[in-house]
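Peer 1: Residue numbers (my numbering), protein chains in the order written: chain R, 118 to 354; chain X, 118 to 354.
Before I ask anything, let me first share the structure, which is written out below as structure tokens.
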DNA sequence: CTTGGCCAAATCGTATGCAATCTGATCTGT
DNA sequence: ACAGATCAGATTGCATACGATTTGGCCAAG
């Protein structure tokens, strides 16, 4: 039990490396640095992170479980290219789950939580103010984080896991089908939801959340891309 | 492209073997042939199914994602021992999701679906009539299958996946905390739900489903086991 | 010039080997 | 006799090796 061993900085890399790779790839996919359809070869991923194919493979399989990549037998892993129909199912699922999360969060939220939410929303505002593609990525990510924090406050780990998956897939869908202009309006809705939460008004917060999800989905170009779906049916299904 | 190659019987075993192992272990866990806390060593699982540790490990990791096993680093995989609190979260999640599934299913259910449901419910009834531990296992499984069929009819693959996980975990919880006597009353509730679905009455079907979930949860011994939770905090948490 | 089949390169699926870590049993010193 | 350290056995984490499958290009026949 050498103390020196424990003093080594909190073994960040010592942790499961496949988890770190999963996280890095997840961010890259959600940020759209990795375009849908991109092939993620096991050897390539392994080489990028200086690990063997074994651990790269584990990371890819985790992402496949989350729906962010699609694995075809003997062919490899590809960044998911969710169809418009899948996108609608994602938002339908969120409309079911998020009001329940609100209801649970209202019961448990603390003043400290609210303070943290406010800081998070300021961060979000900052990303909205800067323009440019990388700021837009950060904006999508920050917007997702708001919903994840909410799920965390709700205190139901299962719903939290579901929201993890749904937010990741939503970010991918927004990056794919989103129109750039209007998405910033979501920020005000986040603020309004937080205010309702602070007042303890679960019903209003739920209503606001539902409208918020509606707005996000309405901001997508799901109909026009049907011709697109035809094309990538030939290209990569 | 030899035709003879295609004629070879649909390579059922040639498919991913880890998926088959996952399924087998999943059934064993849900049927309670594998008790919570049981260690699932990679070598042991591999030997049982005549595969290498690699594929056994993949199966165990999939089960860990579903929450049916718990993997501790450098220690191995164990059958999950969900806490009463976790059980409550599972049912809270189901109360959110299943009414939404009902609403979607009402729109899409066909006469053929209803016919299939009726056959499934007859099967369920048969298991209830026989007594004995193996019949009880089959009863729990059949009851879960009803909910899974519902999710399948709803046509939302994401919710379907969530329900897969929730039903599996519920079965584990029921096997752990369930009182044997009353659970058969669930069958009538399934019938009532199906009737409401057939009439196209989504509101009533949702109400019935919520009550059904309430009844399942009320049938559990979640309070008394808190002393138990203390004990297994020392034993294997 | 087009079409079909064949072959090689690349990639995946799986088995196995080695190092690291944990468990729990023995041994020693007080 | 008991407490704590040490060591052996077992098990996991990871890397690598080998066979299987797919892919894309080349060559030949029509």
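Quick reminder that beta carbons are idealized off the backbone N, C-alpha and C, glycines included.
With a threshold of 6 Å on Cβ separation, who are the neighbours of residue 329 (chain R) within its own chain once the five nearest residues in sequence on each side are excluded?
Peer 2: Here residue 329 (chain R) is taken as the residue at index 212 of the first chain, counted from 1. The residues are 306.
Peer 1: Using a C-beta cutoff of 9 Å, does residue 171 (chain R) count as contacting chain X?
Peer 2: Here residue 171 (chain R) is taken as the residue at index 54 of the first chain, counted from 1. Interface residue, yes.
Peer 1: Just to confirm my understanding: we take residue 327 (chain X), look at its own chain, exclude 5 residues before and 5 after, and list those with CB closer than 7 Å. What are they?
Peer 2: Here residue 327 (chain X) refers to the residue found at position 210 of the second chain. For residue 327 (chain X), where only same-chain residues beyond five positions count, the Cβ hits under 7 Å are 212, 216.
Peer 1: Exposed or buried, which one is residue 136 (chain X) when buried takes at least 16 other CB atoms within 10 Å?
Peer 2: Here residue 136 (chain X) corresponds to residue number 19 of the second chain, with the count starting at 1. The residue in question, residue 136 (chain X), is exposed, as its Cβ has fewer than 16 Cβ neighbours within 10 Å.
Peer 1: Looking at C-alpha atoms only, which residue of R:163, R:268, R:278, R:315 is the closest neighbour of residue 229 (chain R)?
Peer 2: For the purposes of this step, residue 229 (chain R) is taken as residue 112 along the first chain, with counting starting at 1. Of the listed residues, the one whose Cα sits closest to residue 229 (chain R) is R:315.
Peer 1: Of all the CB atoms in chain R, is at least one closer than 9 Å to the CB of residue 186 (chain X)?
Peer 2: Translated into the one-based positions of the second chain, residue 186 (chain X) becomes position 69. It does not: the Cβ of residue 186 (chain X) has no partner Cβ on chain R nearer than 9 Å.
Peer 1: Would you say residue 179 (chain X) lies against chain R (beta-carbon separation less than 9 Å)?
Peer 2: Numbered from its first residue, the second chain carries residue 179 (chain X) at position 62. Chain R, which has a Cβ nearer than 9 Å to the Cβ of residue 179 (chain X), makes this yes.
Peer 1: Quick one: give me the first and last residue of the alpha helix (DSSP H) that residue 59 (chain X) is part of.
Peer 2: Nothing about residue 59 (chain X) can be read from this structure; chain X reaches only from 118 to 354.
Peer 1: Residue 206 (chain R) versus chain X: which residues are under 7 Å apart at the beta carbon?
Peer 2: Here residue 206 (chain R) refers to the residue found at position 89 when the first chain is read from its first residue. Here the neighbours are 273, 274, 275.
Peer 1: List the whole-angstrom C-beta distance separating residue 182 (chain R) from residue 279 (chain X), where the pair is believed to meet the contact cut-off of C-beta under 8 Å.
Peer 2: To locate residue 182 (chain R), count along the first chain from 1; it is residue 65. To locate residue 279 (chain X), count along the second chain from 1; it is residue 162. With a Cβ gap of about 12 Å, residue 182 (chain R) and residue 279 (chain X) do not count as contacting.
Peer 1: Using Cβ-Cβ distances below 7 Å, what residues of the region 202 to 233 of chain X are close to chain R?
Peer 2: Taking 7 Å as the Cβ-Cβ cut-off against chain R, the residues of the region 202 to 233 of chain X that qualify are 206, 207, 209, 210, 213, 214, 217.
Peer 1: To which residues does DSSP link residue 156 (chain R) through a beta bridge?
Peer 2: What you label residue 156 (chain R) is simply residue 39 of the first chain in a count that begins at 1. Paired residues: R:195.
Peer 1: Round the Cβ separation of residue 285 (chain X) and residue 147 (chain X) to the nearest angstrom and send it over; I've been treating them as touching at under 8 Å.
Peer 2: As a working mapping, residue 285 (chain X) is identified with position 168 in the second chain. As a working mapping, residue 147 (chain X) is identified with position 30 in the second chain. Yes, residue 285 (chain X) and residue 147 (chain X) are in contact; Cβ-Cβ is about 6 Å, under 8 Å.
Peer 1: Mind listing the chain R neighbours of residue 195 (chain X)? Cutoff is C-beta to C-beta under 7 Å, in chain order.
Peer 2: Within the second chain, residue 195 (chain X) is the residue found at index 78, counting from 1. Within 7 Å Cβ-Cβ: nothing; residue 195 (chain X) doesn't reach chain R, min ~17 Å.
Peer 1: At a Cβ threshold of 9 Å, is residue 143 (chain R) touching chain X?
Peer 2: Taking the first chain and counting its residues from 1, one reaches residue 143 (chain R) at position 26. No, its Cβ sits nowhere closer than 9 Å to a Cβ of chain X.
Peer 1: With H, G and I counted as helix, E and B as strand and the rest as coil, what does DSSP make of residue 187 (chain R)?
Peer 2: One-based indexing of the first chain puts residue 187 (chain R) at position 70. Residue 187 (chain R) falls in the strand class under three-state DSSP.
Peer 1: Please look up how many angstroms separate the CB atoms of residue 196 (chain R) and residue 151 (chain R), rounded, as I've assumed it's under 8 Å.
Peer 2: Counting from one through the first chain, the residue named residue 196 (chain R) turns up at place 79. Counting from one through the first chain, the residue named residue 151 (chain R) turns up at place 34. So it is a contact: roughly 5 Å between Cβ atoms.
Peer 1: Secondary structure at residue 217 (chain X), three-state DSSP: helix, strand or coil?
Peer 2: For the purposes of this step, residue 217 (chain X) is taken as the residue at position 100 of the second chain. Residue 217 (chain X) falls in the helix class under three-state DSSP.
Peer 1: Identify which residue in X:250, X:192, X:281 has its Cα closest to the Cα of residue 296 (chain X).
Peer 2: Locating residue 296 (chain X) in the second chain gives position 179, where the first residue counts as 1. With distances taken between Cα atoms, residue 296 (chain X) lies closest to X:250.
Peer 1: Which residue's Cα is closest to the Cα of residue 332 (chain X): X:318, X:317, X:291?
Peer 2: For the purposes of this step, residue 332 (chain X) is taken as the residue at position 215 of the second chain. Of the candidates X:318, X:317, X:291, the one whose C-alpha sits nearest the C-alpha of residue 332 (chain X) is X:291.
Peer 1: What residue range does the alpha helix (DSSP H) around residue 144 (chain X) cover?
Peer 2: If you number the second chain from 1, residue 144 (chain X) lands on position 27. Segment 134 to 147, the alpha helix (DSSP H) holding residue 144 (chain X).
Peer 1: What is the DSSP secondary structure of residue 337 (chain X), counted as helix, strand or coil?
Peer 2: Locating residue 337 (chain X) in the second chain gives position 220, counting from the first residue. Reduced to three states, the DSSP call for residue 337 (chain X) is strand.
Peer 1: Using only the alpha-carbon positions, how far apart do residue 241 (chain X) and residue 185 (chain R) sit?
Peer 2: Stepping through the second chain from its first residue, residue 241 (chain X) is reached at position 124. Stepping through the first chain from its first residue, residue 185 (chain R) is reached at position 68. C-alpha separation (whole angstroms): 37 Å.
Peer 1: In whole angstroms, what separates the C-alpha of residue 220 (chain R) from that of residue 169 (chain X)?
Peer 2: Residue mapping note: residue 220 (chain R) aligns to position 103 of the first chain, counting from 1. Residue mapping note: residue 169 (chain X) aligns to position 52 of the second chain, counting from 1. Cα to Cα, the separation comes out at about 47 Å.
Peer 1: Using the C-alpha atoms, what's the distance from residue 294 (chain R) back to residue 338 (chain R)?
Peer 2: What you label residue 338 (chain R) is simply residue 221 of the first chain in a count that begins at 1. What you label residue 294 (chain R) is simply residue 177 of the first chain in a count that begins at 1. Cα to Cα, the separation comes out at about 5 Å.
Peer 1: Are any of the Cβ atoms in chain X nearer than 9 Å to that of residue 282 (chain R)?
Peer 2: Indexing the first chain from 1 puts residue 282 (chain R) at position 165. Taking Cβ atoms only, chain X reaches closer than 9 Å to residue 282 (chain R), which makes this a yes.
Peer 1: Might you give, ordered along the chain, the residues of its own chain that have their beta carbon closer than 7 Å to the beta carbon of residue 319 (chain X), omitting 5 neighbours on each side?
Peer 2: Against the second chain, residue 319 (chain X) aligns to sequence position 202. The answer, listed in chain order, is 219, 220, 223.
Peer 1: Is it buried or exposed for residue 200 (chain R), if we count other Cβ within 10 angstroms and need 16 for buried?
Peer 2: The residue given as residue 200 (chain R) occupies position 83 in the first chain. Buried: at least 16 other Cβ atoms inside 10 Å.
Peer 1: Is residue 313 (chain X) closer than 9 Å to residue 322 (chain X) when the C-beta atoms are compared?
Peer 2: Within the second chain, numbered from 1, the residue matching residue 322 (chain X) stands at position 205. Within the second chain, numbered from 1, the residue matching residue 313 (chain X) stands at position 196. Going by C-beta atoms, residue 322 (chain X) is nearer than 9 Å to residue 313 (chain X).
Peer 1: Counting contacts by CB-CB distance shorter than 9 Å, is residue 319 (chain R) in contact with chain X?
Peer 2: Counted from its first residue, the first chain places residue 319 (chain R) at position 202. Output row for residue 319 (chain R): interface = no.
Peer 1: Nearest-angstrom Cα distance between residue 214 (chain R) and residue 273 (chain R)?
Peer 2: To locate residue 214 (chain R), count along the first chain from 1; it is residue 97. To locate residue 273 (chain R), count along the first chain from 1; it is residue 156. Rounded to whole angstroms, residue 214 (chain R) to residue 273 (chain R) spans 11 Å at the Cα level.
Peer 1: Roughly how far, in whole angstroms, is the beta-carbon of residue 283 (chain R) from the beta-carbon of residue 210 (chain R), given that I think they are within contact range, below 8 Å?
Peer 2: As a first step, residue 283 (chain R) must be located in the first chain, where it is residue number 166. As a first step, residue 210 (chain R) must be located in the first chain, where it is residue number 93. Right, the Cβ-Cβ distance comes to about 6 Å (below 8 Å), so this counts as a contact.
Peer 1: Rounded to whole angstroms, what's the CA-CA distance from residue 271 (chain X) to residue 206 (chain X)? Just pull it up for me.
Peer 2: On the second chain, position 154 is the one that residue 271 (chain X) refers to. On the second chain, position 89 is the one that residue 206 (chain X) refers to. So the two alpha carbons sit approximately 23 Å from each other.
Peer 1: Distance, Cα to Cα, residue 142 (chain X) vs residue 311 (chain R)?
Peer 2: Residue mapping note: residue 142 (chain X) aligns to position 25 of the second chain, counting from 1. Residue mapping note: residue 311 (chain R) aligns to position 194 of the first chain, counting from 1. Near 44 Å, if we compare the C-alpha coordinates of residue 311 (chain R) and residue 142 (chain X).
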